[in-house]
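Going by my numbering, the residue at position 59 of the sequence shown is 100; the numbering climbs one at a time, nothing skipped.
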Amino acid sequence: MLHHIVLEKLCSCALKHKTEQIRSFSTKEEAFEQANEWAETLSDSFCGKHGFEVVEVDDNFVVSVEVGGFNEPCEI
């Protein structure tokens, strides 16, 4: 069974960097670890106008785009 990480929305930064929207892993533990690393990398490398958090949904993980609380939200 594959476990997926899904980037909830492709904001303008994700589109500009040609970021994939889905990643798949063979174990839930690996997917969880990679989801957290991916969210941190996106938060650190994109425009800084939004952040990313990991939310578990069943046996998969969604990297949600947190708009606001940073500067102005980028185009989502």
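We treat Cβ as the ideally placed atom computed from N, Cα and C, and that holds for glycine.
- Here the alpha carbons of M42 and V106 stand approximately 26 Å from one another.
- DSSP, reduced to helix, strand and coil, places E107 within a strand of the structure shown.
- In the three-state DSSP reduction, E49 falls in the coil class, being neither helix nor strand.
- The alpha helix (DSSP H) runs of length 4 or more contained entirely in the region 56–106 are, from start to end of the chain, 69–86.
- Linking K59 to S86 through their CA atoms gives a straight-line distance of about 13 Å.
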